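Contents: one structure, followed by commentary.
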Amino acid sequence: QALERNELFLHYQPKIDMKSGKLAGVEALVRWQPRGDRKLVPPEVFIRIAEDSGLILPISNWVIDQVCAQLKQWHSKGLEVPKVAINLSARQFRHDELKTFILDSVELHQIDPQWLELEITESALMEDADAAATILSELKLLGMTIAIDDFGTGYSSLSYLKKFELDTLKIDCSFVHEITLNPDDAAIAVTIIKMAKSLGLSVVAEC
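Just so it is clear: in the sequence shown, position 155 is 236 by my numbering, and no numbers are missing.
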């Protein structure tokens, strides 16, 4: 009942360009604070339950609509937020109405789809690679960019990088937290950055 009770809200985590120090975008993160409770329910708890129960679909649609509304508000006030990233669950990514819902939301709030970036995990893409490639192509045609979330923790095969239309790789936080202390983590990060650069992809270090 969290949606009906207006207990869900979004935090926007900034993404900073390491060269310029300027805001490069933000990531929308859904949070849940039950009515009358000061403590938040950890996302690793309720997101998993939502995915298993199928409730992730209405929650994810709510997130998309809220992001579009927020972008409209920011831009109307002269706040230039380059792009907002939205996490897509595997269930939502495969849903037949994903493209339609996004189109309806951007039209309702009168925003440009190019302000949206969709984040998808490797495992979600590889459940049905051919179908995923078709879905990504359709979303890209709308003007949105595509990021691979938690890169480096999923499939060991890299062949999908040339199969799918991607824009960004997000280095998983497990490789970033000790990047200045652990030579192995540093080597992995450097390798991903070099590979992404050679493929014309952007890189986000998640922390």
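Virtual Cβ for every residue (Gly too), placed ideally from N, Cα, C. All figures in this text were calculated on a predicted structure; none of them were measured in a lab.
The three-state secondary structure of residue 192, taken from DSSP, is coil.
Residue 187 places its beta carbon less than 8 Å from that of residue 149. Per DSSP, reduced to three states, the secondary structure at residue 166 is strand. Excluding residues up to 5 positions away in sequence, 251, 252, 253, 254 and 257 lie with their Cβ nearer than 7 Å to the Cβ of residue 287 in the same chain. Counting along the chain, the unbroken alpha helix (DSSP H) around residue 127 starts and ends at 124–134.
Every alpha helix (DSSP H) of 4 residues or more that sits fully in the region 237–270 is shown, in chain order, as 241–244. Inter-segment contact for the region 238–245 and the region 197–217 is present: three or more beta-carbon pairs are separated by less than 8 Å. Counting the other CB atoms within 10 Å of its CB gives residue 84 a total below 16, which places it among the exposed residues. By alpha-carbon distance to residue 95, the top candidate from 134, 162 and 172 is 162. Within a 10 Å sphere around the beta-carbon of residue 131 sit 16 or more other beta-carbons, which makes this residue buried. In this structure, residue 190 places its C-beta atom within 8 Å of the C-beta atom of residue 153.
Comparing alpha-carbon positions, the option among 118, 175, 120 and 109 lying closest to residue 209 turns out to be 175. Residue 127 counts as buried, since at least 16 other C-beta atoms from the protein chains shown sit within 10 angstroms of its C-beta. Take the alpha-carbon of residue 282 and the one of residue 172: they are about 26 Å apart. Going by beta carbons, residue 88 and residue 124 fall outside the 8 Å limit. In the DSSP assignment, residue 214 falls within the unbroken alpha helix (DSSP H) covering 210–222. Only residues of its own chain outside the window of five on either side were considered, and among them 198, 226, 227, 228, 282 and 283 have a CB closer than 8 Å to the CB of residue 248, listed in chain order. At the C-beta level, residue 232 and residue 203 come within 8 Å of one another.
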